[in-house]
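Structure first, commentary second.
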Amino acid sequence: MIKLDFSAGISIYLGLFLGCVFFAWLLSRKEKDKGAYLDERLVWFCTVCAYTYFTSRHDVISVCPRCNSYNKKIS
Ligand SMILES: [Zn+2]
């Protein structure tokens, strides 16, 4: 059996634990980056009430859900 004193055992245990936490944090960070992608064509800005909203349709003109005014795509 391997002889190990108490402080070395504690430091190895903490090192392994922190390594696992760091690895789990890296994995969760990659998942968030995937979901953060947003298509700019879906984002609309109302010129009347300054409301930013999303539509799934790629139309030239959309209706603002807050003030019901028509907005034209600038870009
Ligand atoms: Zn509006």
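Numbering-wise (my numbering), the sequence shown opens with residue -12 and increments by one.
Heads up, the beta-carbon is just placed ideally off N, CA and C, and yes, glycines get one too.
In this text, all values refer to a predicted model and were calculated from it rather than measured experimentally.
Buried versus exposed call for residue i [16 or more other C-beta atoms within 10 Å across all chains shown]
i	result
C51	buried
C36	exposed
C54	exposed
Cutoff 8 angstroms; reference residue i; Cβ partners in own chain excluding five residues on either side
i	result
W31	T39, Y40, F41, T42, S49, C51, N58 and K60
L25	none
L1	none
Contacting residues, own chain, Cβ-Cβ under 6 angstroms from residue i (five flanking each side not counted)
i	result
L29	F41
Contact belief for residue i with residue j at Cβ below 8 angstroms, rounded distance in angstroms
i	j	result
S56	C33	7 angstroms
Taking 6 angstroms as the limit, tell me which residues put their C-beta closer than that to any heavy atom of ligand 1, in chain order.
-> C33, V35, C36, Y38, C51, R53, C54 and S56
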